[in-house]
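The next block holds one structure in the form of structure tokens; read it before the comments.
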């Protein structure tokens, strides 16, 4: 009888413990699922911050920014190809960026003017400029690289006749 009473009294704390263990496991699963989704966002925000803090590159006008999982597409205008090249080279130094690849570059033809205009538009100011599209590709995830490197070590050690 005393044993039954003791078991009955401990049923509530045991049930609470089981509930807390399930809740912690669910939080862990949610965190593990969210981490791969957060990495592209963090890299994108770091790129936007770098673009905002960039030293002013005379004449480079960013037109469009499109985010994908492992890359960002930038469309911009530059007064000449050398200015565009310097700007793109600067992007390679942004944290996490592996490569910057120009996918398209063309010289924008000057538009014929029809009479005098008191206000100039961006298109008028940029006529004769270079229009380019670049892909900013990110380096591989360092946490995945670290886990891959740790997996490779035993294979390399075994190949050299040593035990891990």
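Residue numbers (full-length UniProt numbering): 1 to 164. The C-beta atom is built at its ideal place from N, Cα and C for all residues, glycine as well.
8 Å contact criterion, which residue i and residue j should meet: CB distance rounded
{"i": "residue 130", "j": "residue 96", "result": "About 26 Å; that fails the 8 Å criterion."}
{"i": "residue 51", "j": "residue 62", "result": "7 Å"}
{"i": "residue 78", "j": "residue 102", "result": "Not really, about 11 Å apart at Cβ, beyond 8 Å."}
{"i": "residue 76", "j": "residue 105", "result": "No, residue 76 and residue 105 are not in contact; Cβ-Cβ is about 10 Å, not under 8 Å."}
{"i": "residue 90", "j": "residue 54", "result": "7 Å"}
Residues near residue i in its chain [Cβ-Cβ closer than 8 Å; skip 5 each side]
{"i": "residue 28", "result": "none"}
{"i": "residue 147", "result": "Reliability of the predicted coordinates at residue 147 is poor, the pLDDT of 45 falling under 50, and no value is obtained from them."}
Spatial neighbours of residue i in its chain, beta-carbon cut-off 6 Å, leaving aside the 5 residues before and after
{"i": "residue 107", "result": "130"}
{"i": "residue 99", "result": "137"}
{"i": "residue 8", "result": "none"}
{"i": "residue 11", "result": "none"}
Own chain partners of residue i with C-beta closer than 7 Å, once the 5 adjacent residues on each side are dropped
{"i": "residue 65", "result": "72, 74"}
{"i": "residue 47", "result": "72, 94, 136"}
{"i": "residue 80", "result": "130"}
{"i": "residue 49", "result": "none"}
{"i": "residue 24", "result": "none"}
Nearest candidate by alpha-carbon position, reference residue i, set the options
{"i": "residue 44", "options": "26, 62, 37, 67", "result": "67"}
{"i": "residue 70", "options": "83, 91, 49, 41", "result": "41"}
{"i": "residue 82", "options": "15, 132, 4, 22", "result": "132"}
Terminal residues of the alpha helix (DSSP H) in which residue i lies
{"i": "residue 24", "result": "2-53"}
{"i": "residue 84", "result": "81-91"}
N-terminal and C-terminal residue of the beta strand (DSSP E) that residue i is part of
{"i": "residue 136", "result": "130-138"}
{"i": "residue 64", "result": "61-67"}
{"i": "residue 107", "result": "97-107"}
{"i": "residue 72", "result": "71-78"}
Contact with chain C by residue i, beta-carbon distance below 8 Å
{"i": "residue 3", "result": "Included in the structure is just one protein chain, with no chain C present."}
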